[in-house]
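**Q**
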Amino acid sequence: MTNFTTRMMIAAATLAVAAGAASAQTLKAEIPFTFRANGRLMTAGTYRVTLNRAATGVPILYLLNHEGNRAAMAMARTPHDPPKAWKAAGSAVLSFECGAKLCSLVGLWRGDQEPAYSFAAPKPGNDEPTRVALIALRPGNSD
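If you count by my numbering, then the sequence shown holds residues 13 to 155, one letter each, in order.
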């Protein structure tokens with residue numbers, strides 16, 4: 013291998029690592045209620061929120077709560093434009109659909125020019141009243 017080829021391979025690897033780190037920005041959420049994420053029951057608390065891409069390119073959301081030693085991951089559906097209200101507010105947000113007894117994680121937007129993502133969640137009963145709960149995300153550290 014020539015010196016030039018070796019340098020180009022190192023540069024490409026460095027760029028790939030930097031791009032992966034940028035896409036894996038860690039955020040924090042204070043979630044004041046019990047909720048479901050990808051079928052897993054999660055307690056109220058402070059969560060680290062990270063969106064990474066799997067080897068296949070599919071975005072996967074990771075939620076980690078150190079206080080209760082709880083973690084969940086959810087595969088994102090097709091990216092889409094965030095609702096206008098989210099864009100107007102300009103802040104990253106988690107979205108929950110809440111029934112009479114329990115909320116389910118249904119959406120994420122990391123803010124700026126990023127797309128929004130939706131997540132699979134059980135539908136509330138036909139006669140069950142529902143509401144949407146939005147939780148602001150703030151920058152968090154990775155420890």
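The beta-carbon is built from N, C-alpha and C at its ideal position, and this holds for glycine as well.
If you drop the 5 nearest sequence neighbours on each side, which residues of the same chain put their C-beta closer than 8 Å to that of A88?
**A** Within the same chain, A88 has close Cβ partners L63, V70, P71, I72, L73, L120, Y129, S130 and F131.
**Q** Given this structure, state the Cα-to-Cα distance separating E79 from I43, to the nearest angstrom.
**A** C-alpha separation (whole angstroms): 13 Å.
**Q** Would you list the residues sitting across from V105 in a DSSP beta bridge?
**A** The partner list for V105 (beta bridge, DSSP) reads W121 and A148.
**Q** Which residue's Cα is closest to the Cα of T46: C115, L149 and Q125?
**A** Closest by alpha carbon: C115.
**Q** Give the straight-line distance between the Cα atoms of N138 and E109, rounded to the nearest whole angstrom.
**A** Approximately 14 Å, taken between the alpha carbons.
**Q** Given this structure, state the Cα-to-Cα distance separating G102 from G123, to the nearest angstrom.
**A** Roughly 6 Å between the two C-alpha positions.
**Q** Within 10 angstroms of the Cβ of A66, are there 16 or more other Cβ atoms? Answer buried if so, exposed if not.
**A** Per the 10 Å Cβ criterion, exposed.
**Q** Looking only at its own chain, which residues have a Cβ that is under 6 Å from the Cβ of A112, when we skip the five neighbours before and after it?
**A** Contacts found: E140.
**Q** Taking the straight line between their C-alpha atoms, what separation do you get for K99 and R82?
**A** Rounded to the nearest angstrom, the two C-alpha atoms are 30 Å apart.
**Q** Based on Cα-Cα distance, which residue from L106, E126, K40 and P91 lies nearest to T58?
**A** Cα-wise, what sits closest to T58 is K40.
**Q** I'd like the list of long-range same chain contacts for R52, defined as Cβ closer than 6 Å, with 5 residues on each side in sequence excluded.
**A** Hits under 6 Å: A84.
**Q** Below 7 Å CB to CB, which residues in the same chain sit around P134 once its five sequence neighbours on both sides are set aside?
**A** If we look at P134 and ignore the five residues flanking it on each side, its Cβ neighbours are S116.
**Q** Among P94, Q37 and P136, which has the Cα closest to the Cα of L146?
**A** Looking at the Cα atoms, P94 is the closest of the given residues.
**Q** Report all residues from its chain with a CB closer than 8 Å to the CB of A34; omit the five preceding and five following residues, and keep chain order.
**A** Reliability fails at A34, whose pLDDT of 44 lies under 50, so the model's placement of it is uncertain and the value that follows must be treated cautiously. Nothing meets the Cβ criterion.
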